[in-house]
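Quick mapping for you: the protein sequence lines, in order, are chains W and Y. Note that my numbering has the first sequence beginning at 1, numbered continuously upward. Note that my numbering has the second sequence beginning at 145, numbered continuously upward.
Protein chains: 2
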Amino acid sequence: MQLTKQTDFAFRILLYLGQLPEGELANIKAICEFYGISQNHIAKVVVKLTKLGYLASVRGHGGGIRLAVQPAAINLASVIEDFETSLKPVNCDTPPCRIAASCQLKGLLFEATNAFMNTMRQRTLADILPKQISAASSLAVEIK
Amino acid sequence: MQLTKQTDFAFRILLYLGQLPEGELANIKAICEFYGISQNHIAKVVVKLTKLGYLASVRGHGGGIRLAVQPAAINLASVIEDFETSLKPVNCDTPPCRIAASCQLKGLLFEATNAFMNTMRQRTLADILPKQISAASSLAVEIK
């Protein structure tokens with residue numbers, strides 16, 4: 001039961017940028033090198049995060065990307081909803097499952113997915129950034 | 145956010161067999177034809193379901209498969225645990241994620257997955273088989 005790579009990368013980019021001092025710009029290459037993920041994969045997710053209003057992009061020499069909003073304004077369920085192709089744990093439609101009309105598993109999986117998403121909906125990016133100075137510093141040092 | 149095809153097929157096989165009159169045998173070919181899924185895929189899952197004690201298999205002419213236990217004894221969270229390769233929504237280990245040590249997303253995803261699994265754990269196969277006679281009949285007719 002996995003989230004897509006796109007959602008995973010979106011979270012990693014947001015966590016990276018959320019650690020930086022407010023307003024500081026990062027460049028995509030540094031994020032890719034930090035995580036060891038190809039620039040192509042990260043760039044696609046950065047474009048989408050920017051279009052969706054999570055990131056702001058500054059072009060030109062000395063440019064880069066940063067969070068467009070405060071970490072506390074980034075709801076973690078919204079990130080999943082924006083990046084997952086489907087929130088249905090099984091695909092009843094392609095090809096169409098023959099028992100779809102009478103199957104009660106669908107409804108139960110919907111209920112379970114809601115329980116998952118409700119847990120995520122109670123938190124923002126601010127809640128998953130290291131709280132303690134020591135932890136924050138250690139991640140900041142790793143990022144630098 | 146999807147369950148694997150293996151888990152999906154395991155549920156479909158259990159739902160099919162759970163609909164049959166107690167003790168009645170089904171054959172794999174009929175299940176494959178009913179769902180339009182290749183025999184190879186279904187056979188692998190049947191072997192695993194049998195090894196795990198969900199199904200009983202009778203060999204020879206007139207043989208087939210049936211549930212080895214009552215539907216009420218088949219917990220739906222256990223089916224997921226038995227068939228999913230991982231319950232972690234993101235893979236922090238391969239390749240190792242550089243922020244894994246200080247990342248708080250992991251713990252939150254674990255909590256959300258628990259909420260999902262707890263919903264499934266409250267139900268058995270008996271709970272997702274059609275309850276009303278009309279619904280049961282309609283599925284039985286489809287299966288025949």
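By construction, the Cβ of each residue, glycine as well, lies at the ideal position given by its N, Cα and C atoms. From a predicted model like this one, the values you see are computed outputs, not experimental measurements.
Partners in chain W for residue i, counting only beta-carbon separations shorter than 8 Å
i: residue 247(Y); result: 15, 128
i: residue 177(Y); result: Per Cβ cutoff of 8 Å: no residues; residue 177(Y) is ~10 Å from chain W at best.
i: residue 255(Y); result: 119
Neighbour list for residue i in chain W, Cβ cutoff strictly below 9 Å
i: residue 162(Y); result: Simply none; closest approach about 11 Å.
Contact set between residue i and chain Y, taken where Cβ atoms lie within less than 8 Å
i: residue 84(W); result: 145
i: residue 89(W); result: 145, 146, 147
i: residue 98(W); result: 178, 179, 180, 286
Sequence-distant residues of the same chain with beta carbon closer than 7 Å to residue i, five excluded per side
i: residue 84(W); result: 3, 4, 7
i: residue 154(Y); result: 189, 193, 223, 227
i: residue 31(W); result: 13, 16, 42
Contact list for residue i against chain W, beta-carbon separation under 7 Å
i: residue 239(Y); result: 36
Cβ-based neighbour list, residue i, same chain, cut-off 6 Å, excluding 5 preceding and 5 following
i: residue 91(W); result: none
i: residue 156(Y); result: 179
i: residue 126(W); result: 71, 72
Near the ligand MN: residue i beta-carbon under 6 Å from a heavy atom
i: residue 27(W); result: Among the components modelled here there is no ligand, and therefore nothing to report on the ligand MN.
Bridge partners - residue i, DSSP secondary structure assignment
i: residue 66(W); result: 56(W)
i: residue 268(Y); result: 219(Y)
i: residue 100(W); result: Answer is none; residue 100(W) lacks a bridge partner.
i: residue 146(Y); result: 2(W)
i: residue 170(Y); result: 209(Y)
Chain Y residues whose Cβ lies nearer than 7 Å to that of residue i
i: residue 123(W); result: 252
Exercise for the section: Tell me, please, whether the segment 180-198 of chain Y touches the segment 147-155 of chain Y by the rule of three or more beta-carbon pairs shorter than 8 Å. Expected result: They touch, by the three-pair rule.
Practice task
Evaluate contact between the segment 203-219 of chain Y and the segment 162-182 of chain Y, counting only Cβ atoms and requiring at least three cross-stretch pairs below 8 Å.
Solution key: Because the criterion of three Cβ pairs below 8 Å is met, the segment 203-219 of chain Y and the segment 162-182 of chain Y touch.
Problem - Contact the segment 108-121 of chain W vs the segment 44-56 of chain W: 3+ CB pairs below 8 Å - result: No, because fewer than three Cβ pairs between the segment 108-121 of chain W and the segment 44-56 of chain W fall closer than 8 Å, the two stretches do not touch.
Exercise for the section: Tell me, please, whether the segment 101-118 of chain W touches the segment 234-252 of chain Y by the rule of three or more beta-carbon pairs shorter than 8 Å. Expected result: With the cut-off at 8 Å, the segment 101-118 of chain W and the segment 234-252 of chain Y do not touch.
Exercise for the section: May I ask you to list, following chain order, the residues of the segment 207-227 of chain Y that have a beta carbon less than 8 Å from some beta carbon of chain W? Expected result: Within the segment 207-227 of chain Y, the residues whose Cβ lies closer than 8 Å to some Cβ of chain W are 220, 224, listed in chain order.
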